[in-house]
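For reference, the structure discussed in these notes is given below.
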Amino acid sequence: MSVPLTADAREHGLTGDGSTNDQPALARLVDTLGAAYAADGLPRTIHVPAGRYVVQDRATVWRSGVSLIGAGRGTTCFVLRNPGNPSQPVPLAWFTAAQHGAGPDNHLADIAFAHFEIDGSGVRTEEYDPLAKGLGLQYVVRGRFSDLYVHDTAATGFGCDFLQDTVVEAVLAAGCGRQDPGEKMGGAGIGIGIGGWGAVERLTVTACTAIGNGTNGIFVELQEENWPPPRGIRITACHAEDNRFGISDWGADGLLVTSSTMIGNHRAGFDVSSQGTSGVGGRGGIVTGCVIDGNVRDGVGIGNTPGPYALRGNRISGNGRYGYWQHNLAGGDQEPAADIVLESNDIRDNALDGVRIDAPVRDSAIVGNRIRNNGRRHASAASGGGPGVRYGSLSLTDEHAHWPPDGHRGKRVTVGEQSAMVTYNTATELGLAPVHPGADTAWRDGVPAPGTAYRLPDGGGRRAGLTAAAAVTRTQLHGNRVWDDQPSRTQAHGIWITRNGSWTGGRASDNDLSGNASTATRFDTRPTGGRWRDNDG
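Residues 598 to 1134 (our numbering) make up the sequence shown, in order.
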């Protein structure tokens, strides 16, 4: 008997009534259609009408040639639950190397998932389990994931690895990684393991949104230290907000990140480091045309990479610490990063230095950037309490204060036994970051009572547009404008080489360093070798 190319889920035992467990019927249908594809090579499609389809206590092992198409986000919803098996993660669909022997020679091909919602709020495992995802497929060829809304999963929402000739588009991942404390594997909105196909993985992630997820909004992660970092991966037109990290490159080669927004993330808007499973940072990537704004700590953090890496034509602004931070984490690659390029970026209004180099770099280029009005965290220590002081879920107001605008940005305000991070301030109000990604309050133990005393630390000293606090070797510094045009200037110096820093060789020319609060340059360590000429200020 021939198996049709399309199947209506309701005609094959799924009810979508919000209470019946539809997983057994879905698994039978996937097996039937998968066997037909294996026999004749013709892909099949399951059409799922409007309804709430419960998937309980067991995940469905997916098959090649089977696509799952709903009637739209919020219209077709798969509700994941595990009340009868709390030790078992329950993604909607899975096919993995560890559980099912997935690999290059045993992969999924010709599949699509589109136009539905995955509600993961009903899954809670006894301990955090990185497999408690919304989707958990590995080794996929010719896949397409489109118009999906995945939310409130215990681990990563969209957690599919080793995607070849695949497009991930218009996926909204929100509130995923519920059980991840922030330091475990997974826990992201969109997390994609890479390296399983060798030196090239042809993958596009486009028009996706990641909001309030436990670790990364969107990240790619090399899965084995001895695998070559793959080329061919693109992330474009995406939005990452209120995650621990916005978008991260933890092990790709030549990752392209374009036309994306990374705002309000708790650690960094964009991150390159050794924090991934393999401990390998990305290299050769290009970030261009992005807005990286208002992150609680750093705008961009790059480290544990041999280089190169390039940021061109981005806005990096309003972040709670550094705009761009070059640094290395312990345990990862510590060699000087080569060929780091900062070109034509607008780096402004960050709380501390616009560009901070805390790890060695060589043969880099800092060219044509506009670096201005940084060092905003300049307000003196402050305290208050009593009448006129009140608290909101994400705010502190002191009617008697006269704070300089954003002078407390990036500070931690202490109120009794609690504390919160300041994201901005007016003369009388502090805006506060959520206590963790996805939270609707800054207060772990509840909003403080009106009049409760608070205290803010000092701003921490002078800051510069560009600060070198590590070895900088053979760098080209050309055509930058580094200045401060605020009524009360906060960017003390255009360029500062600290006692811990050095600047050897290279060329610094045609930079306009006039208009800073104190001096154009501050050399606690004098630059040596190279050529410094035609710099104004």
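Backbone N, C-alpha and C define an ideal beta-carbon position, used for all residues, glycine too. Fair warning: this is a prediction, and the values are worked out from it, not measured in the lab.
Please state the DSSP three-state secondary structure of residue i.
i: residue 631; result: helix
i: residue 607; result: helix
i: residue 836; result: strand
i: residue 745; result: strand
i: residue 735; result: strand
i: residue 1083; result: coil
i: residue 625; result: helix
i: residue 1114; result: coil
i: residue 895; result: strand
i: residue 979; result: strand
i: residue 1075; result: strand
i: residue 868; result: strand
i: residue 709; result: strand
i: residue 694; result: helix
i: residue 620; result: helix
i: residue 752; result: coil
i: residue 636; result: helix
i: residue 914; result: strand
i: residue 846; result: strand
i: residue 728; result: coil
Can you tell me the Cβ-Cβ gap for residue i and residue j, rounded? I've got them flagged as a contact below 8 Å.
i: residue 869; j: residue 846; result: 5 Å
i: residue 912; j: residue 883; result: Between residue 883 and residue 912 the Cβ distance is about 16 Å, and since that is not below 8 Å, they are no contact.
i: residue 720; j: residue 678; result: 6 Å
i: residue 886; j: residue 915; result: Residue 886 to residue 915, Cβ: 18 Å. No contact.
i: residue 971; j: residue 947; result: 5 Å
For residue i, which of the options has the nearest alpha-carbon?
i: residue 929; options: 738, 1120, 871; result: 871
i: residue 1004; options: 783, 764, 1058; result: 1058
i: residue 1102; options: 908, 1129, 865; result: 1129
i: residue 805; options: 636, 755, 885, 888; result: 755
i: residue 646; options: 675, 658, 628, 739; result: 675
i: residue 925; options: 898, 1027, 906, 822; result: 898
i: residue 624; options: 713, 689, 1087; result: 689
i: residue 903; options: 848, 921, 867, 914; result: 848
i: residue 692; options: 923, 639, 732; result: 732
i: residue 632; options: 1116, 889, 663, 1008; result: 663
i: residue 991; options: 1027, 724, 727, 1115; result: 1027
i: residue 1094; options: 1117, 1121, 1104; result: 1121
i: residue 626; options: 651, 1011, 653, 659; result: 659
i: residue 770; options: 621, 1030, 730; result: 730
i: residue 1075; options: 1066, 1092, 1081, 1084; result: 1092
i: residue 728; options: 740, 744, 758; result: 758
i: residue 921; options: 901, 952, 892; result: 952
i: residue 856; options: 1048, 741, 681, 803; result: 803
i: residue 649; options: 641, 638, 668, 949; result: 668
i: residue 642; options: 606, 917, 615; result: 606
i: residue 748; options: 994, 742, 768, 614; result: 768
Classify residue i as buried or exposed, calling it buried when 16 or more other Cβ atoms lie within 10 Å of its own Cβ.
i: residue 686; result: buried
i: residue 696; result: exposed
i: residue 1111; result: exposed
i: residue 927; result: exposed
i: residue 997; result: exposed
i: residue 1096; result: exposed
i: residue 701; result: exposed
i: residue 975; result: buried
i: residue 1046; result: exposed
i: residue 780; result: exposed
i: residue 703; result: exposed
i: residue 602; result: exposed
i: residue 863; result: buried
i: residue 635; result: exposed
Practice item. Would you check if the segment 1005-1018 and the segment 790-805 touch, i.e. whether three or more CB-CB distances between them fall below 8 Å? Key: The segment 790-805 makes no contact with the segment 1005-1018; the number of CB pairs closer than 8 Å stays below 3.
Check your understanding: If you pair each beta-carbon of the segment 1049-1056 with each one of the segment 929-939, do three or more pairs fall below 8 Å?
Key -> With fewer than three CB-CB distances shorter than 8 Å, the segment 1049-1056 does not count as touching the segment 929-939.
Check your understanding: Three or more beta-carbon pairs under 8 Å between the segment 823-835 and the segment 1016-1031, yes or no?
Key -> Counting Cβ pairs under 8 Å, fewer than three are found: no touch.
Check your understanding: Are there three or more Cβ pairs, one per stretch, closer than 8 Å when the segment 1025-1041 is compared with the segment 1061-1070?
Key -> The segment 1025-1041 is not in contact with the segment 1061-1070.
Review point. Would you call the segment 1080-1089 and the segment 979-994 in contact, with 3 or more CB pairs under 8 Å?
Key: Note that the segment 1080-1089 does not touch the segment 979-994; fewer than 3 beta-carbon pairs, one per stretch, sit closer than 8 Å.
Exercise for review: Tell me, please, whether the segment 1066-1081 touches the segment 959-968 by the rule of three or more beta-carbon pairs shorter than 8 Å.
Suggested key: Yes, they touch.
Exercise for review: Examine the Cβ distances between the segment 707-724 and the segment 662-675 and report whether three or more of them are shorter than 8 Å.
Suggested key: The segment 707-724 makes contact with the segment 662-675: 3 or more CB pairs, one atom from each, lie closer than 8 Å.
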